[in-house]
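For reference, the structure is listed below as structure tokens.
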Amino acid sequence: MKIGLGCDHNAYEFKEEIKKYLEEKEGFEVVDYGCHNCSVAVDYPDVSFEVAQDVRNGKLDRGILICGTGLGVAIAANKIPGVRAATAHDVFSAERAQLSNNAQIITMGAQVIGIELGKKIVEAYVNAHFTEGRSSHKVQKIIDKESELSNQLS
657 MKIGLGCDHN
667 AYEFKEEIKK
677 YLEEKEGFEV
687 VDYGCHNCSV
697 AVDYPDVSFE
707 VAQDVRNGKL
717 DRGILICGTG
727 LGVAIAANKI
737 PGVRAATAHD
747 VFSAERAQLS
757 NNAQIITMGA
767 QVIGIELGKK
777 IVEAYVNAHF
787 TEGRSSHKVQ
797 KIIDKESELS
807 NQLS
């Protein structure tokens with residue numbers, strides 16, 4: 657599974673720990689979108705847009721975005737048509753983001769949760785796989801509405 661990993665300067669150390677965690681596991685290729693140090697301020701929308709666009713374009717299977725709260729990166733990623741990003745600060749939400757919502761990206765807040773919980777959240781998310789079932793029609797409604805609104809704008 658090819659996973660894009662990105663953060664702002666507030667979450668650099670957290671991102672590095674998640675990166676190391678994933679790289680030690682078999683079956684994952686991690687693409688690091690930065691930031692690459694915490695001494696230079698990075699605007700979270702820039703990293704979020706880049707990861708989300710690569711998820712949408714099929715260059716990545718999934719994405720993980722981290723900022724101080726996990727909220728800003730989610731809002732930014734969700735501006736990219738076709739992308740569903742969900743903030744997860746617990747294992748259940750991370751798993752359900754994929755199983756119920758087919759979220760291609762999860763987001764976390766480095767100032768909200770600790771790294772050990774972050775690793776468990778990532779583990780739950782990458783091991784969950786959306787399948788056709790009870791939630792399929794709900795996800796399709798989201799896709800259809802997005803398409804309808806996109807057509808109205810063009």
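Each position in the sequence shown, counted from 1, maps to that position plus 656 in our numbering. Think of the CB as a built atom: it goes at the ideal place given N, C-alpha and C, for glycine as much as any other residue. For clarity, every value in this text was computed on a predicted model and none was experimentally measured.
The beta strand (DSSP E) with residue i in it runs from where to where?
i	result
E685	E685 to D688
I761	I761 to G765
K658	K658 to C663
G774	Per DSSP, G774 belongs to no beta strand (DSSP E); it is in the alpha helix (DSSP H), I771 to N783.
I720	R718 to C723
Nearest-angstrom Cα distance between residue i and residue j?
i	j	result
K671	H692	10 Å
G789	C694	42 Å
C663	F748	22 Å
A733	F705	6 Å
A741	Q808	23 Å
E779	V711	19 Å
Q760	A753	9 Å
Apart from the five residues just before and just after residue i, which ones in its own chain have a Cβ nearer than 6 Å to its Cβ?
i	result
G728	Y700
Starting from residue i, trace the alpha helix (DSSP H) both ways and give me its first and last residue.
i	result
K801	S792 to L809
G728	L727 to A733
R752	V747 to L755
R712	Y700 to R712
Are the beta-carbon atoms of residue i and residue j separated by less than 8 Å?
i	j	result
I736	Q709	yes
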